[in-house]
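Undergrad: Listed in order, the protein sequences are those of chains Z and F.
If you're matching positions, the first sequence starts at 1 in UniProt numbering and goes up one per residue.
If you're matching positions, the second sequence starts at 1 in UniProt numbering and goes up one per residue.
Just so it is clear, CB atoms sit at the ideal spot from N, CA and C, and this is done for glycine as well.
All values reported here derive from a predicted model rather than from experimental measurement.
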Amino acid sequence: MWFKRRSIFTLLLLAAFTYVSMRLTEFDISKFKDFRNMIDFLTQWFPMDTSNLPRMIEDSILTVAMGFLGSFLGLIVALPISFMAAWNTSPSKFLFHLTRVILSFVRSIPEIVFGLILLTALGLGPFPAVLAMMFHNIGVLGKLISELIEASDPGPQEAMKAVGAKKGFGNIFSILPQIWPNVLSNYFYRFEVAIRTSLILGFIGAGGIGQRLFNDFKTFQYPSVALDVLLIMIIVIIVDLLGSYVRKRII
Amino acid sequence: MLEIKDLTVQYKGNEDNALADINLSFQKGEFVCILGKSGAGKSTLIRCLNGLQKPTEGEIQWEGKLLSDLKEEQLRKVRREMGMIFQHFNLVPRLSVIQNVLTGLFGYRSTFKNLVGWYTKDELNRAKEVIDNVGLTDFTHRRIERLSGGQKQRVGIARALLQQPKALLGDEPVSSLDPGTSNHIFTLLKEIHREHDLLTIINVHDVELAIRYATRVIALKDGVITFDGKPEDFDNDAYYDTYESVRSNGEKVPFT
Chain Z
1 MWFKRRSIFT LLLLAAFTYV SMRLTEFDIS KFKDFRNMID FLTQWFPMDT
51 SNLPRMIEDS ILTVAMGFLG SFLGLIVALP ISFMAAWNTS PSKFLFHLTR
101 VILSFVRSIP EIVFGLILLT ALGLGPFPAV LAMMFHNIGV LGKLISELIE
151 ASDPGPQEAM KAVGAKKGFG NIFSILPQIW PNVLSNYFYR FEVAIRTSLI
201 LGFIGAGGIG QRLFNDFKTF QYPSVALDVL LIMIIVIIVD LLGSYVRKRI
251 I
Chain F
1 MLEIKDLTVQ YKGNEDNALA DINLSFQKGE FVCILGKSGA GKSTLIRCLN
51 GLQKPTEGEI QWEGKLLSDL KEEQLRKVRR EMGMIFQHFN LVPRLSVIQN
101 VLTGLFGYRS TFKNLVGWYT KDELNRAKEV IDNVGLTDFT HRRIERLSGG
151 QKQRVGIARA LLQQPKALLG DEPVSSLDPG TSNHIFTLLK EIHREHDLLT
201 IINVHDVELA IRYATRVIAL KDGVITFDGK PEDFDNDAYY DTYESVRSNG
251 EKVPFT
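#1: Please state the DSSP three-state secondary structure of Z/S30.
#2: Measuring alpha carbon to alpha carbon, tell me which of Z/L230, Z/R196, Z/S185 ends up nearest Z/I251.
#3: What's the gap between the Cα of F/T103 and the Cα of F/N90?
#4: Buried or exposed for F/T200, going by 16 or more other Cβ atoms inside 10 Å?
#5: Closer than 6 Å by C-beta to Z/L201: which residues in its own chain qualify, once you throw out the five before and the five after it? Chain order, please.
#6: According to DSSP, is F/E3 helix, strand or coil?
#7: When burial is assigned at 16 or more other CB atoms within 10 Å of the CB, is F/R76 buried or exposed?
#8: What residues from chain Z crowd round residue 262 of chain F, counting only those whose CB sits closer than 9 Å?
#9: Measuring only between beta-carbons, confirm whether F/H88 sits less than 8 Å from chain Z.
#10: When the Cα of F/L59 is compared with those of F/V217, F/L35, F/D235, F/L2, which residue comes out closest?
#11: Suppose the cutoff is 7 Å on Cβ atoms and the five residues either side in sequence are ignored; what does the same chain contact list for F/Y243 look like?
#12: Do Z/F191 and Z/V239 have their C-beta atoms within less than 8 Å of each other?
#13: For the structure I just gave you, are there three or more beta carbon pairs, one from the region 213-224 of chain F and one from the region 28-47 of chain F, closer than 8 Å?
#14: Any residues in the region 96-127 of chain Z with a beta carbon nearer than 9 Å to a beta carbon of chain F? Which ones, in chain order?
#15: Straight-line CA distance for F/N114 to F/K71?
#16: Quick one: what's F/W62 bridged to in DSSP?
#17: Decide if residue 269 of chain Z is buried, meaning its Cβ has at least 16 other Cβ atoms within 10 Å, or exposed.
#18: Hey, could you find the ends of the beta strand (DSSP E) F/L168 is sitting in?
#19: Going by DSSP, what residues sit across from Z/S21 in a beta bridge?
#20: Just grab the DSSP bridge partners of F/A219 for me.
#21: Let me know if F/W118 comes out buried or exposed under the rule of 16 or more other beta-carbons within 10 Å of its beta-carbon.
#22: When you compare each of F/L209, F/D228, F/D178 to F/L24 by their alpha carbons, which one comes out closest?
#23: Can you give the Cα-Cα distance for Z/P181 and F/H88, rounded to whole angstroms?
#24: Less than 8 Å between CB atoms is the rule here; does Z/Q211 satisfy it with respect to chain F?
#25: Taking only three categories from DSSP, how would you classify Z/I138?
#26: Output, in chain order, the set of chain F residues within a Cβ distance shorter than 8 Å of Z/Q221.
#27: So, does the CB of Z/S174 fall closer than 8 Å to a CB anywhere in chain F?
#28: Starting from residue 258 of chain F and walking both ways along the alpha helix (DSSP H), at which residues does that stretch end?
#29: Is Z/R249 buried or exposed, if buried means 16 or more other CB atoms sit within 10 Å of its CB?
#30: Can you check whether the C-beta of F/G180 is within less than 8 Å of a C-beta belonging to chain C?
#31: Flag F/T8 as yes if its beta-carbon sits less than 8 Å from any beta-carbon of chain Z, otherwise no.
#32: Can you confirm whether F/N133, when its beta carbon is compared against all beta carbons of chain Z, has any partner nearer than 8 Å?
#33: Give the straight-line distance between the Cα atoms of F/A238 and F/W62, rounded to the nearest whole angstrom.
#34: Go ahead and label residue 258 of chain F buried or exposed: buried means 16 or more other beta carbons lie within 10 angstroms of its beta carbon, across all protein chains shown.
#35: Is the Cβ of Z/A162 closer than 8 Å to any Cβ of chain F?
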């Protein structure tokens, strides 16, 4: 049976965790009695102010460009590294451990921290934001892809050895076609995340629609905020659709 | 052509030898079938022959060259002279038949050319010829996922054939195929064997198949040779020695 006596203990433990976390986060449904405030606030958002639409679209395009570069450059760097960070394709034990440590190190630093550090050298603007996202994505995609490599079927690799192919090339040739659809779906997910991240980085002066949203909010221009939010939603949906289209074509 | 001397293989964390003190010698033109239960050491033996498995002790000599002496580069040259086919076919997924067959040339070409996928007209024609030989002409550009098991193994054979091998190794190539298809594959292997004057060494589960096609049968049990001779001499005694097929009342089970 799938339900064991130990499951009761697990459930109780989960319930306890949930309770403690709710206390810590002041989770309280009764607070919704001030629901009216939120409605009042949201009514100030409409009608939307479209007077700045051309500039907003420009900023949206900048945001997409930041997200694309931040994730794509990350993918380009992460691909070769992930072959070194997978136990079944790593050229040496030393490289395996080294790349693993580097990957988890860059992954553990949030983009905003990278951004704040790079800001001091590169100044305000989208460039430090792109680099910040690239570093973080190297860490994330490197880990995900190296795990895909480790889970790939060893049979074709063995066949490449048997035909006398060079080891490194045989590995790449036999593994890449296997993992490619999953690499792409991971990549498009990271692209989507990068767009949302570039919004946050907009708050520290990276430009794009994120910075515009932040400024409009600070200056109480809620009708503009509404349009900013709408544009952001449209961008994310378009990237998501693009991702599923490309994946369908490749499989 | 191929000599095995005092070959012993022991896997890590396992006290029993996978192969114990094997001595064998193979000549061009032999069609050898290796029999034995699962875990008898058949796969280990085959994989030692082209260096996919390193011996714990003993040596393997291919045309006078000791495999253990060879550097990576020379070992690759030996491997491309030995075609190998596998139980699970080991084709590269999501590629077409011809793309898979062309990998048989990888041992002969530069990494750059392989990477770019640039093939000469002659190379492409040779690939088409071997695909024709195994009867897959109509499937040349089909993705391998859309082939049946028997067709996949034909792709495996075509890939091995494109290596222009002197020897053909088979690690249970028909164990995941139905009996009819197994027979077709063996007929094809035998034809290729004759036409190219190869040394063919194949692991099989099916005793009847081995006896029908082999010119020499070798049987293994617990890493030791229990039979080595002509297929017509593989009698009930040899069968018991290899498979220990005994009924619960102690009566021996004959295989024919």
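TA: Per the coordinate set shown:
#1: helix
#2: Z/S185
#3: 12 Å
#4: buried
#5: G115, A129
#6: strand
#7: buried
#8: Residue coverage of chain F in this structure runs from 1 to 256, which leaves residue 262 of chain F outside it and unanswerable.
#9: yes
#10: In the sequence as presented, Leu is not what sits at residue 59 of chain F; that position holds Glu. The candidate whose alpha carbon is nearest that of F/E59 is F/L2.
#11: K37
#12: yes
#13: yes
#14: none
#15: 22 Å
#16: F/L2, F/K65
#17: The requested residue 269 of chain Z does not occur in the structure, where chain Z is confined to residues 1 to 251.
#18: 167-171
#19: Per DSSP, none; premise fails for Z/S21.
#20: F/L35, F/F227
#21: exposed
#22: F/D228
#23: 22 Å
#24: no
#25: helix
#26: Correct list: empty, because the minimum Cβ distance to chain F is about 51 Å.
#27: yes
#28: There is simply no residue 258 of chain F to check, as chain F begins at 1 and stops at 256 in what is shown.
#29: exposed
#30: Annotation note: the requested chain C is absent from the structure, which comprises protein chains Z and F.
#31: no
#32: no
#33: 29 Å
#34: As displayed, chain F neither begins before 1 nor continues past 256, which places residue 258 of chain F out of reach and without an answer.
#35: yes
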